[in-house]
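Report on the following structure.
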Amino acid sequence: MFQELRNMRYRLTLYYTLVLVLFTSLFTSFVFYNIFYANGFILDRELKATSAQVSNLSILPELSNRPPDSGKKNLSNNGEIIDSLFKIILRDENMNITQASIQYKALLQNSQDLARQSWLNQQERWDTINLGETEYRIFSTPFHSNGDNGVVQTCCNLTMIHKFISNFNYLLLAISVIAIVLAALIGWCLAGRAMMPVKFAWQRQKEFIADVSHELRTPLTVIQSNLDVVIADHYGSIKDNITWLQNAYNETENMGKLINDLLLLARIDAHEIQLDFNEFDLSSMITELAFQFSPLFQGKNLKFSSNIESEVKMYGDAMRIKQLVNIFLENAYKYTPDGGFIHLKVSKLQNGIEILVRDSGIGIEETETENIFRRFYRVDRARSRKQGGTGLGLSIAAWIVEVHKGYIRVDSKPEEGSTFKVFFQNNEATQ
Ligand code: ADP
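Numbered per my numbering, the sequence shown spans residues 1105 to 1535.
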């Protein structure tokens, strides 16, 4: 099972990571596409804007035959900076260069044909040309200004831009890889946390099965050993062996009770219990129950008193509430030594109903009061078994209180006694 849980954890981590990989890929592709697209778009616009600026100028002395990267700023006559990223070529009607901010021959030659096309068609155009390892983007447009006609070309070396994009790409890739590794680690931790309840439930199930087998084995062993004695006594009568037979019979009763409780808990866990919620007369139901318990208490010489307020109506499952009080009264009976007292009280309070069972029994240590509601938990296992206890009564009681949206309080002191108090707040029938 541990291996299965571990595999499940691996699988969950893988799913988390795959989802993130998918998400990161989509995100990086989106970012990359947008940057690439935006770059091209902005570049083309800038090329056009620069050429528009240039073709509006009558004299461009700064452009004239100045070698590129001279360190000087290219200033237009209205003082604006022409970014040196963009190179400018001015051509006359015969496509001869009149002015240029670049002296790269190959570029000047290769751009001539493009300029001609633009002049012939009287149309602007964008081209990308490869010169060796360098790529250039060129914008060519015809101009007619102050009697001068020709073509203005603005071009840009794409190497830097490509480098920027590829660096950005590497950065995105590195961030994605780190994010995926981190996600896998976080996913592993999260999967571990998500599986805690499964692990816990599985552990509880394992303990439960171990407890059930133990609880069933004990009475079986007792039955078997008592019947062994009877079988070995070949000539004895039933009367001679009545003690052993009685022991065996008592154990079958205990087993029957245990199996009933177990079946009920199994049905509770499977949410198979149909509750029958109705308004019912709690007072008369508890009075009747108290009446049924009286002879039992008397048999053990226990002083029993009750204070059941009349006409207390409750909204709930009457049979389950009866079972609840039954569990408390049975426990009070089991854990109160002869001569002690048991008190039962039902009262209608301003904001709900309270049921109280007090005894002067063996009591419970404060540290144990939480544990006693756990399945099979018994403060003194041998004592509980001797009394016919299954260790399941209070866990069933806790469930009944829970489905009625109430809560239980236990006040107990060893050797002094215990009080089990149940409170059903704002129970519908009380309003
Ligand atoms: P059991 O069948 O053993 O009584 P329960 O679930 O009803 O199982 O109770 C769990 C344990 O709580 C008991 O074994 C006992 O140790 C303790 N307990 C319950 N009620 C009382 C009580 N009235 N006085 C003392 N101990 C009690």
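Every residue, glycine too, gets a C-beta built ideally from N, C-alpha and C. Fair warning: this is a prediction, and the values are worked out from it, not measured in the lab.
Distance cut-off 6 Å: residue i Cβ against heavy atoms of the ligand ADP
i	result
T1523	no
R1482	yes
I1512	no
L1498	yes
N1455	no
N1475	no
I1446	no
K1488	Reading the sequence as shown, one finds Ser at residue 1488 and not Lys. Yes.
T1494	yes
D1344	no
D1365	no
N1435	yes
I1372	no
I1466	yes
D1463	yes
Y1119	no
Y1339	no
Y1439	yes
Check whether residue i and residue j have beta carbons under 7 Å apart
i	j	result
R1482	A1295	no
V1461	E1413	no
I1194	V1256	Checking the sequence shown, residue 1194 turns out to be Leu, not Ile. In this structure, V1256 lies closer than 7 Å to L1194 by Cβ.
G1510	F1524	no
L1406	T1440	yes
G1495	F1480	yes
A1287	T1121	yes
E1197	G1251	no
V1429	L1393	yes
T1117	G1291	yes
F1243	W1223	no
W1503	I1372	yes
G1492	N1358	yes
E1469	P1518	yes
Integer Cβ distance of residue i from residue j, believed to fall under 8 Å
i	j	result
L1151	C1293	The pair is not a contact, with the Cβ atoms about 52 Å apart (cut-off 8 Å).
G1467	S1522	6 Å
V1526	V1507	Incorrect: roughly 13 Å between the Cβ atoms, too far for contact.
D1463	K1404	About 11 Å; that fails the 8 Å criterion.
T1154	T1258	5 Å
F1140	I1269	6 Å
N1273	F1136	6 Å
K1426	M1389	6 Å
N1531	I1431	About 19 Å; that fails the 8 Å criterion.
V1326	N1351	7 Å
Y1240	L1262	7 Å
L1453	K1417	That belief does not hold up - the Cβ atoms of L1453 and K1417 are roughly 14 Å apart, past 8 Å.
G1497	E1434	7 Å
L1147	I1282	That belief does not hold up - the Cβ atoms of L1147 and I1282 are roughly 31 Å apart, past 8 Å.
I1500	L1368	6 Å
### Task
Give a yes or no on contact between the stretch 1205 to 1215 and the stretch 1234 to 1244, applying the rule of three or more CB pairs nearer than 8 Å.
They touch, by the three-pair rule.
### Task
Jot down the residue ranges of each uninterrupted alpha helix (DSSP H) in the stretch 1476 to 1535, minimum 4 residues, whole runs only, in chain order.
Residue ranges of uninterrupted alpha helix (DSSP H) with 4 or more members, entirely inside the stretch 1476 to 1535 and ordered along the chain, are 1485 to 1490, 1497 to 1507.
### Query
Below 8 Å, can you find three or more Cβ-Cβ pairs linking the stretch 1360 to 1368 to the stretch 1382 to 1400?
no
### Task
Would you be able to state if there are at least three C-beta pairs under 8 Å between the stretch 1317 to 1332 and the stretch 1118 to 1138?
no
### Task
Taking 8 Å as the threshold, find out whether the stretch 1373 to 1381 comes into contact with the stretch 1336 to 1353 through three or more Cβ pairs.
No: the two stretches stay apart, fewer than three of their Cβ pairs being nearer than 8 Å.
### Query
At what residue ranges does the stretch 1214 to 1269 contain a whole run of the alpha helix (DSSP H), taking only runs of 4 or more?
none
### Message
Please give the ranges of any beta strand (DSSP E) in the stretch 1280 to 1319, keeping only runs that are unbroken, at least 3 residues long and fully inside the region.
### Response
none
### Unbroken stretches of the alpha helix (DSSP H), 4 residues or longer, contained in the stretch 1350 to 1433
Runs of the alpha helix (DSSP H) lying entirely within the stretch 1350 to 1433 and spanning at least 4 residues, in chain order: 1386 to 1403.
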